[in-house]
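First up is the structure itself, then whatever we jot down about it.
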Amino acid sequence: MRFLNRKWVDGGYDEETTYLYLGVYLRHLEDLAPDAPTNVRVLGAISQGHNLIGSQVAATTLDREAASFHLVLRIQTIEGDRFMDVRYKGVDPESVDEHAFDGVDYVLTDELDVAPDERFEHRILLSPEGEFAIQFSDLELKVSRGKNEEE
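Take the sequence shown: its letter number 93 is residue 255 in the working numbering, and every next letter is one higher.
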């Protein structure tokens with residue numbers, strides 16, 4: 163994690179430093195936005211580095227032929243649980259750790275960034291341990307209610 167590390171999540175910094183780290187990351191998102199595809203900007207706006215804290219991983223799928231990775235998070239909102247469906251496109255299937263979410267309780271924090279090859283990178287800090295990072299060229303994003311709930 164480049165901005166919001168485990169010490170930040172665990173409250174290991176004083177209040178001023180904690181807010182400073184978050185402020186630097188939010189400024190980074192603002193700088194990233196003009197060159198990012200719409201759904202990358204939307205993911206950054208939804209998450210802001212702290213809004214996905216506690217989200218549970220509902221499903222993951224790597225499609226090697228389509229060079230895509232599908233991640234479904236169960237997120238908590240003021241209106242109840244929702245599912246955020248993220249399909250990363252233009253990934254290198256060999257670089258995706260499809261087992262990174264095995265044994266994960268929930269998401270601690272996440273960051274969006276530009277990868278060295280000018281693609282985008284989404285980093286997710288996991289609980290109880292671990293980190294997932296994926297580089298991609300674009301993504302599809304959908305937030306929905308559970309299948310058994312009425313809209």
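Just so it is clear, CB atoms sit at the ideal spot from N, CA and C, and this is done for glycine as well.
Quick one: what does DSSP say Ser230 is sitting in, helix, strand or coil?
-> strand
Cβ atoms of Val202 and Arg244: under 8 Å apart, would you say?
-> Arg244 places its beta carbon 8 Å or farther from that of Val202.
Mind reading off the beta-carbon distance from Phe282 to Phe298? Whole number of angstroms is fine, and I expect it under 8 Å.
-> 6 Å
So who's on the other strand from Arg244, going by DSSP bridges?
-> Ile237
Return yes when the Cβ of Gly206 is within less than 8 Å of the Cβ of Leu194, no when it is not.
-> Yes. Within cutoff.
When DSSP builds the beta bridges, which residues end up paired with His284?
-> Leu274 and Ile296
Determine the direct distance from the alpha carbon of Ser230 to that of Glu302, and round the result to whole angstroms.
-> 10 Å
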